[in-house]
Amino acid sequence: MYHLIKKDILIQKRNLLMACILIAFFIFTLSNIGMAGLSISILAVSYTLALGVSQIEDKNKSDLMLVSLPIKKSKIVLSKYISVYVFVLYAILVNYIFSFIIKIFELPIKFEWFTVDGILGAIISVTIFTSISLPLIFKWGYTKAKLPNYIIFFLFVIGAMSVISNLDYYSTTRIFEFFGQLSNSEMIVLILIPLVLIVTISYLLSLVFYSKREF
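Under full-length UniProt numbering, the sequence shown has 102 at position 102, and the numbering climbs by one with no breaks.
Below, the structure is given as structure tokens:
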């Protein structure tokens, strides 16, 4: 498992460097929308790196090699899900470093960039996005799943921007009032349970698709 995750990181060293540039771009273009900017930044970087692995493997026909090795398909599938969260941690770390630099040099950023709410929003978004996109990749491969995944990603971004632009309206709805009355621990449990359920279902679907896929 460890070696599979390590492989996902090592095969795209260049993409990891490009991700730093992408994060810097997001900081100076999306800082005006507050925590949503950080969420979009982490989601975009995690998306780029996760799909980058699939693209490289598809190009080099790595799946043919993996299925020929004495590695359980369940481990191969699980490693992809874990790799996504490794990329999330990387994106969070780089965002934190840039945020620290911004504070030191007092750069003109309208809102505080690095926030807990922004990170939580990113983790939720990445989890939902990954749970949709990875089963498509395991079923069809990167090339055939690329267009649907791009569409899903942009729908996520457009949806986030729509919510932010209409936040005053949404904040008066009953669901927002309900969440506002919850304690932090209750909020975490209420969010964590559905996310774990979504990821579990997604993993099982991916495993079924990957097991039935012909190479």
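The beta-carbon is built from N, C-alpha and C at its ideal position, and this holds for glycine as well.
If you're wondering where the values come from, they're calculated on a predicted model, not measured in any experiment.
Cutoff 7 Å; reference residue i; Cβ partners in own chain excluding five residues on either side
i: S46; result: V84, F87, V88, A91 and V126
i: S183; result: none
i: I102; result: I109 and W113
i: I198; result: T127, I128 and S131
i: F98; result: I23, A24 and I27
Residue range of the alpha helix (DSSP H) that includes residue i
i: T115; result: No alpha helix (DSSP H) holds T115; DSSP gives it neither H nor E.
i: I92; result: K73 to F105
i: L65; result: It should be pointed out that residue 65 corresponds to Met in this sequence rather than to Leu. Where M65 is concerned, the enclosing alpha helix (DSSP H) stretches over S62 to S68.
i: L4; result: Y2 to L10
Three-state secondary structure assigned by DSSP to residue i
i: G34; result: coil
i: S206; result: helix
i: S183; result: coil
i: P108; result: coil
i: G52; result: helix
i: E214; result: coil
i: G141; result: coil
Own chain residues within Cβ distance below 8 Å of residue i, not counting five before or after
i: V94; result: A19, C20, I23 and V45
i: D8; result: V53, S79, K80, S83 and V86
i: I5; result: S79, I82, S83 and V86
i: P135; result: S202, L205, S206 and F209
Whole-number beta carbon distance between residue j and residue i, since they are thought to touch under 8 Å
i: N149; j: S131; result: That belief does not hold up - the Cβ atoms of N149 and S131 are roughly 12 Å apart, past 8 Å.
i: F153; j: F129; result: 7 Å
i: G121; j: M65; result: The pair is not a contact, with the Cβ atoms about 37 Å apart (cut-off 8 Å).
i: V157; j: I42; result: That pair is no contact at about 12 Å.
i: F26; j: G37; result: 6 Å
i: K75; j: M187; result: No, K75 and M187 are not in contact; Cβ-Cβ is about 33 Å, not under 8 Å.
i: I191; j: I124; result: 7 Å
Chain-order list of residues whose beta-carbon lies under 6 Å from that of residue i (same chain, five-residue window excluded)
i: E106; result: none
Quiz item: Any chance the region 48 to 64 sits against the region 5 to 15, with 3 or more Cβ pairs inside 8 Å?
Solution: yes
Quiz prompt | Three CB pairs or more closer than 8 Å across the region 205 to 214 and the region 127 to 142 | solution = yes
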